[in-house]
Amino acid sequence: MTKPSTHIAFLGIGLMGAPMTRNLLGAGFSMTLWNRTASKCEPFAGEATVAASPAQAVENAEVVITMLENGAVVDEVLVNQGGIEALRPGALVIDMSSVQPSLARRHGELVAARQAGYLDAPVSGGTRGAEAATLSIMAGGSEADVDRARPVLEALGTVTRIGPVGAGQLAKLANQAIVGITIGAVSEALLLAARGGADPVAVRQALMGGFAGSKILEQHGQRMIERDFAPGAPARIQLKDLRMILDEARAEGLTLPLAQQVHNEYLSLLANGHSEVDHSGLLLELEHLNGVRMGSVGPGRKE
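Taking the working numbering, the leading residue of the sequence shown gets 5, the next gets one more, and so forth.
Right under this line is the structure:
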């Protein structure tokens, strides 16, 4: 197999960025890495160049990928720390973070002023998808830029062009609305069944074969049963996404009552000290609200 000639700068070596970097290196791409906490780049130091700043990382890159925590951090790295200013003409910036659609559009304009291309390409699939290179990638940008990015993005998952710049972030907001609301529904369903005396393991297994079956029920339902809330996607990130969903809804004159309710539940979850649990840990807030723990049985029922 011919080794890819494209040189990639990857900014953000965190829970998602680290396995994505591993897959890009495995696909044969040469890379320069940058992370605010430089030690997170150390596992790749023998295979990639580690840069001291975002500007240094991008200056010789043909493709620049950002995978950062939120829009404020992306703006800090690309604008205030000189990432965009250091771009070479003809480079392609792919922001795979989850940011506001309006911010993606502004970054797209700034990148275009440097005679470079831009895609907003957030992902779904979590750390498991990042590790397995099965991410669903939602790309906003020109058809030409998406086609140019495909050899890189297909080393990470499956890419779908959603529309112009900003459209990828709109698709991600839609994704996160479904994820957050469904986590809430699975939490309530399993707690209701367990409280009434049913075995939540058996309930989950039965529901998996019907219309209620979903990846949320499969993966996060299992997390709830096992009480495994080590973060794949931290609850604070889900809350951030729900805030963006509601902000975008207000800007478009929409009322989204389910998203609002789940936002409030995550807000309470964080207020009770659970910002770093996995977003499936919303069950903990439901248990706190009801003063019960999943697995207990209802009044008058025997174990």
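Idealized CB from N, CA, C, for every residue including glycine.
* **Given 8 Å, three or more beta-carbon pairs between the stretch 178-185 and the stretch 193-210** => no
* To do: Quick one: give me the first and last residue of the alpha helix (DSSP H) that I88 is part of.
  => Taken as a continuous stretch (DSSP letters only), I88 belongs to no alpha helix (DSSP H), as it is neither H nor E.
* Since I believe G129 is in contact with G161 (beta carbons under 8 Å), could you give me their beta-carbon distance rounded to a whole number of angstroms? => 6 Å
* **Opening and closing residue of the alpha helix (DSSP H) in which T25 lies** => G21 to G30
* Go to H11, then tell me how far its beta strand (DSSP E) extends in each direction, as first and last residue. => H11 to L15
* To do: Identify which residue in A136, L139, G145 and S102 has its Cα closest to the Cα of A120.
  => G145
* Asked: Expressed to the nearest angstrom, what Euclidean distance is found between the alpha-carbon atoms of V190 and V266?
  -> 12 Å
* Asked: For G144, which three-state DSSP category applies?
  -> strand
* To do: Kindly indicate the opening and closing residues of the beta strand (DSSP E) around M35.
  => S34 to W38
* Three-state class that DSSP yields for S191 in the structure shown -> helix
* Identify the residues that DSSP records as bridge partners of P238: which are they? -> D282
* Asked: In angstroms, rounded to a whole number, what distance separates the CA positions of A153 and Y270?
  -> 35 Å
* Distance between W38 and C45 (C-alpha atoms, nearest Å) -> 7 Å
* Count the other CB atoms within 10 Å of the CB of Q209; is the residue buried (16 or more) or exposed (fewer)? -> exposed
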